[in-house]
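Engineer:
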Amino acid sequence: MPSLLLIDRRPRDSVGLSSALAKAGYAVTHIERSELVSDFVKLNRPATILVGRLPTDIFRHEMCALLRRAAPASSTAIIVLAPQATRLTRIRCLEDGADDILDEDMPIDLLTARIRALGAPLSRTRETRILRYGPIEMSIDEHKVHACGATLDLQPTTFQVLRSFLERPEQILSRSELLARSTRIATSRSLYKHVRLLRRALATLGVGDPIITKPPLGYMLSMR
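What follows is the structure, given as structure tokens:
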């Protein structure tokens, strides 16, 4: 059963849609508060996320950016529900990570069909998200890392740091880029801490220290 997260500050107004989605075969979770969203997505990795009426502390396009940092594009569909969205709203949401913007006032059966159609191509590929570099292999959807025949147990934030390196091996990542890729890390000092934890974890498996510091630019994952 595919999982679906509905973000909406007014749950009573979305009961009809939630019921229709449940009948369509989705396991629906509802979240009202924006500050709870990122951690939930990282831990549960829903197949589809619907962005409805948001709290006043965040705009729709900002929520799309937050969600896309927490969920890879190949495993999660982000759909914005907006009544008569302006052209600027549509552009900003799409640029910041949304897969589509739908009119929330369309009939529920048509809305449900559109949501299923948008999520279907992603659900066929979400189990194959593997990143590899040298002896390191990461399964994004299973949240597991293997190296040299052993499993590496990483905290969610350290896992995200390693993922950033594996997505761009042999390339220098600035500290600002690494900070932008993880909503859990707020300062360069915290980033240094997780890079150090990652180095220590890789060393215990005999990988050595493939994370190279490139002052003053940042860090690079390299086996060369």
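Take the working numbering: the final residue in the sequence shown is number 457, and no numbers are missing along the way.
Ideal Cβ placement from N, Cα and C applies to all residues, glycine included.
(1) Is T470 helix, strand or coil by DSSP?
(2) Given a cut-off of 8 Å, decide if S397 and L385 are closer than it, judged by their beta-carbon atoms.
(3) The alpha helix (DSSP H) with H427 in it runs from where to where?
(4) Would you kindly report the start and end of the unbroken beta strand (DSSP E) that includes S251?
(5) Assuming I312 contacts L254 under a Cβ cut-off of 8 Å, what Cβ separation, rounded to an integer in Å, is found between them?
(6) So, for A260: in the same chain, excluding its five sequence neighbours on each side, which residues have a beta-carbon less than 6 Å away from its beta-carbon?
(7) Quick check on M456: buried or exposed, where buried means 16 or more other Cβ atoms within 10 Å of its Cβ?
(8) Would you kindly work out how many angstroms separate the C-alpha atoms of R320 and R362, rounded to a whole number?
(9) Where do the ends of the beta strand (DSSP E) carrying I373 lie?
(10) Taking 8 Å as the threshold (C-beta atoms), are H294 and G246 in contact?
(11) Which value, in whole angstroms, describes the spacing of the CA atoms of L314 and L269?
(12) Of the residues L287, P316, S271 and P279, which one's Cα is nearest the Cα of R302?
(13) Please state whether DSSP places D336 in a helix, a strand or coil.
(14) Can you tell me whether V440 is helix, strand or coil according to DSSP?
(15) Please state if the CB of P244 and the CB of E265 are separated by a distance shorter than 8 Å.
(16) Could you check what DSSP says for A304 in three-state terms: helix, strand or coil?
(17) What does K447 pair with, by DSSP beta-bridge criteria?
(18) Less than 8 Å between C-beta atoms, sequence neighbours within five positions excluded: which residues of the same chain meet that for S381?
(19) Does the Cβ-Cβ distance between L450 and P402 come in under 8 Å?
(20) Please work out which residues of its chain come closer than 8 Å, Cβ to Cβ, to A298, disregarding the five sequence neighbours upstream and downstream, and give them in chain order.
(21) Given S251, which residues of its chain have a CB within under 7 Å of its CB, disregarding the five upstream and five downstream residues?
(22) Rounded to a whole number of angstroms, what is the C-alpha to C-alpha distance between L335 and K256?
(23) Pull the bridge partners of Y366 from the DSSP assignment, please.
Structural biologist: Based on what the coordinates show:
(1) This structure does not reach residue 470, given that the chain is present from 234 up to 457, and the question cannot be answered.
(2) no
(3) That run of the alpha helix (DSSP H) goes S421 to T437.
(4) Unbroken run through S251 is the alpha helix (DSSP H), V248 to K256; no beta strand (DSSP E).
(5) That belief does not hold up - the Cβ atoms of I312 and L254 are roughly 11 Å apart, past 8 Å.
(6) M234 and S236
(7) exposed
(8) Cα-Cα distance, rounded: 33 Å.
(9) Segment: none, I373 is in no beta strand (DSSP E) and carries neither H nor E.
(10) Residue identity differs from the one stated: residue 246 is Asp in this sequence, not Gly. Contact: no.
(11) 19 Å
(12) S271
(13) Note: D336 maps to coil in three-state DSSP.
(14) coil
(15) yes
(16) coil
(17) G451
(18) Residue 381 is actually Cys in this sequence, not Ser. The answer, listed in chain order, is P368, L438, G439 and V440.
(19) no
(20) Leaving aside the five residues that flank A298 on each side, the residues in its chain whose CB is nearer than 8 Å to its CB run, in chain order, D329 and G330.
(21) Result list for S251: L239, V261 and H263, in chain order.
(22) 20 Å
(23) In DSSP, Y366 forms a bridge with I369.
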